[in-house]
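Numbering (this note's numbering), first residue to last: 5 to 306. For glycine and all other residues, C-beta sits at the position ideal for the given N, C-alpha and C. Bear in mind that the values here come from a model prediction, so they are computed numbers and not experimental data. Structure, as C-alpha cells:
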C-alpha cells in the first residue's frame, strides 16, 4: 500500500550522534511522532533538553523504542553495535510489528546488512540498509544522499520518512548493496583527500597565492567536493569538521575486507589507510580526514 510523504507516522530513532541527532530533528519537524533512544542515556536526555517538545518519548531500550512503532531507524557505530540494538535480547526485532519498516543508516559490513535483512524477511518487516553521504552539514540541512539496499517494496515503504532529511535516495540493489556503494564512496573520498593534501603542500612550498591557485584549478577536471570545502581549511591547518579519521579507518577497513572477499585489489585505498594510521599514531584520530595533510612537512610557509 502506498504511503504519502505527509502521513504522520510513529518513528523511533536509535543513535543520537552528530548525524543521528540532526536527522531525528528533521523527522520530528516533518510532523512524525518521534521516539528516541541512545545507548548512553545522558545523550538522549541532552538531545531532548536541547530540542524541547520534539521527542514524544525516550525509550528504555531498543525493543521499547520499537514497541508500536511504524518505522525504526538506527545510526550507531559498527557491526557489533548494530547487531546488539537490532538482534540482541532487547533488540528492535523483538518488538517491531509485522509490516513495520526498519532503516539502518550505519556504515557497516554488507554481511551484517544481509543478515539483518534475512531476519527481517522472516519477521515480515521491511528492511533497508541506507548508509549516507553528505557530512554533518548535509544532516543538519536535510540534504543527505542515501545509498539504499533492499527490496523494492521496502524502499518505497521507507521513502516517505527518508525524504524528511535527504535530497537524493538511490536504490542501488538487493540487501547489502547500499553498504557496497558506501564503501566505493569512501574509497573515492580517501583518494581525493590524500591527493588534495599533496597539492596543498606543493602549492605552499612554491610560495604561490593559495586563493589564486584554488581559483585557477577548481573550475576544471581537478575540482571536487574536497577541494571546494577543504582547500582553504587545510591551508589554515584547521581540521575540526566532523568526519573523523577514526571513522574513515573503520570504513576503509570494511572496504578492504570486502575487496579481499571479492578478489579485488585496492592498493591505493590500502596505502591511504596507512597514511591515516600515521595520523592516529600522532594522536589525531578524532580530527577530520583532511588532517591527513599533517603527515606531510610544510615547506615555504610559516
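Contact under 8 Å by Cβ, residue i with residue j
i	j	result
residue 169	residue 27	yes
residue 157	residue 133	no
residue 83	residue 112	yes
residue 214	residue 294	no
residue 49	residue 31	no
residue 148	residue 194	no
residue 75	residue 18	no
residue 277	residue 299	no
residue 14	residue 64	no
residue 110	residue 78	yes
residue 105	residue 162	yes
residue 37	residue 164	no
residue 23	residue 140	yes
residue 296	residue 280	yes
residue 313	residue 102	Look at the range of the chain in this structure, 5 to 306, and you will see that residue 313 is not part of it.
Own chain, CB closer than 8 Å to residue i, minus 5 neighbours either side, in chain order
i	result
residue 51	20, 25, 28, 40, 42 and 59
residue 292	243, 244, 245, 246, 247, 248 and 249
residue 6	Summary for residue 6: the model assigns pLDDT 44, below 50, so the residue's position carries little reliability; its value from the coordinates is reported in the next sentence. 160.
residue 303	205, 208 and 209
residue 290	248, 249 and 250
residue 176	151, 152, 153, 182, 184 and 185
residue 284	249, 250 and 253
residue 125	131
residue 216	none
residue 174	149, 150, 151, 152 and 185
Bridge partners - residue i, DSSP secondary structure assignment
i	result
residue 22	None; residue 22 has no bridge partner.
residue 13	The partner list for residue 13 (beta bridge, DSSP) is empty, contrary to what the question assumes.
residue 136	150
residue 248	292
residue 309	With the chain represented from 5 up to 306, any question about residue 309 goes unanswered, as that position is not in the structure.
residue 108	78 and 133
residue 173	150
Own chain, CB closer than 6 Å to residue i, minus 5 neighbours either side, in chain order
i	result
residue 230	196, 197 and 200
residue 142	148
residue 218	235
Cβ-based neighbour list, residue i, same chain, cut-off 7 Å, excluding 5 preceding and 5 following
i	result
residue 259	187, 190, 191, 270 and 273
residue 114	180, 183, 184 and 262
residue 99	67, 70 and 71
residue 123	91 and 97
residue 288	249, 295 and 298
Taking contact to mean 3 or more Cβ pairs, one atom from each stretch, closer than 8 Å, check whether the region 173-186 and the region 133-153 are in contact.
yes
Touching or not, the region 115-124 and the region 89-105, by the rule of three or more beta carbon pairs under 8 Å?
yes
Report the residue ranges of all alpha helix (DSSP H) runs contained in full by the region 257-300; include only those spanning at least 4 residues, in chain order.
Complete alpha helix (DSSP H) runs here, min 4: 271-285.
Runs of 4 residues minimum, wholly inside the region 179-229: which ones carry the alpha helix (DSSP H) assignment?
Listed in chain order, the alpha helix (DSSP H) elements of length 4 or more contained wholly in the region 179-229 are 181-209 and 214-221.
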